[in-house]
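These notes are about the structure you will find just below.
In the numbering used here, the protein residues as written are 75 to 282.
Structure, rendered in structure tokens:
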């Protein structure tokens, strides 16, 4: 039985959103991720139940890349929903569907589904289930910190945050957002942009 890197996710509180608009935005997000990371995906991320997706990546690093890509695309586009993610390294017994993440079975998928549907109060938004206990625990802790940091960000600031992450030059970011260099510097400090960047680098290195 082949061990695969499975990523599943669902939208938190999907019933509170306009269903048609939410599905359009969600499917667009997943499609962009598949296009951007196509060389790191074995079975494309596929929207399954309207507010859920699943897929198989080539590696743990590729799973983490997909999570960050989706999170930062949500920022860039100013989307107002959040995703709960589950990453599992587990068995898939059936042939891999390389067109859509459907019609596959195995203990890994069953475990990922079980973790994803465990929505008890206080459960983390990012959860990893991996054979290496040290890596699993470290990723779960670091993503818990990351969620706490990004939880202070407002969707209306999403594009500004994305641009500050992409560009370290305050003056250039200021021109894009009609603000001066000092204003961007203050926003960068208040929103912990450099702390986020350092945390992301640590997580990406751990997933190598």
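For each residue, glycine too, the CB sits at the ideal point set by N, CA and C. Please read all numbers here as calculations on a predicted model, not as lab measurements.
Within 8 Å, strictly: CB atoms of residue i and residue j
| i | j | result |
| --- | --- | --- |
| residue 114 | residue 139 | yes |
| residue 165 | residue 181 | yes |
| residue 82 | residue 187 | yes |
| residue 130 | residue 141 | no |
| residue 152 | residue 230 | yes |
| residue 234 | residue 251 | yes |
For residue j and residue i, the rounded distance between their alpha carbons
| i | j | result |
| --- | --- | --- |
| residue 240 | residue 219 | 21 Å |
| residue 283 | residue 258 | Nothing can be reported for residue 283: it is not among the residues displayed for the chain, which extend from 75 to 282. |
| residue 225 | residue 267 | 13 Å |
| residue 119 | residue 137 | 11 Å |
| residue 210 | residue 254 | 42 Å |
| residue 96 | residue 124 | 9 Å |
| residue 263 | residue 273 | 15 Å |
| residue 78 | residue 127 | 16 Å |
| residue 271 | residue 236 | 11 Å |
| residue 100 | residue 196 | 24 Å |
| residue 275 | residue 132 | 20 Å |
| residue 98 | residue 106 | 12 Å |
Continuous alpha helix (DSSP H) stretch holding residue i: start and end
| i | result |
| --- | --- |
| residue 160 | Segment 157-166 is the beta strand (DSSP E) holding residue 160; no alpha helix (DSSP H) there. |
| residue 81 | Careful: residue 81 lies outside any alpha helix (DSSP H), inside the beta strand (DSSP E) at 76-85. |
| residue 252 | Looking at the DSSP string, residue 252 is not in any alpha helix (DSSP H), and its letter there is neither H nor E. |
| residue 201 | Segment 200-203 is the beta strand (DSSP E) holding residue 201; no alpha helix (DSSP H) there. |
| residue 277 | 267-280 |
| residue 148 | 134-151 |
| residue 102 | 93-110 |
| residue 211 | 207-224 |
| residue 238 | 232-240 |
| residue 187 | 181-190 |
Endpoints, the beta strand (DSSP E) within which residue i is located
| i | result |
| --- | --- |
| residue 129 | 126-131 |
| residue 120 | 115-121 |
Assumed close pair residue i, residue j - CB separation to whole angstroms, cut-off 8 Å
| i | j | result |
| --- | --- | --- |
| residue 149 | residue 248 | Incorrect: roughly 18 Å between the Cβ atoms, too far for contact. |
| residue 223 | residue 277 | Not really, about 12 Å apart at Cβ, beyond 8 Å. |
| residue 179 | residue 168 | 5 Å |
| residue 121 | residue 93 | Residue 121 to residue 93, Cβ: 13 Å. No contact. |
| residue 216 | residue 80 | Actually they do not touch by this definition, with Cβ atoms about 20 Å apart. |
Segment contact, 8 Å Cβ cut-off, at least three pairs: the segment 80-92 with the segment 153-169: Here the segment 80-92 makes contact with the segment 153-169; the two share three or more CB pairs at distances below 8 Å.
Touching or not, the segment 191-208 and the segment 159-169, by the rule of three or more beta carbon pairs under 8 Å? yes
For the structure I just gave you, are there three or more beta carbon pairs, one from the segment 102-117 and one from the segment 186-200, closer than 8 Å? Too few Cβ pairs lie closer than 8 Å, so no.
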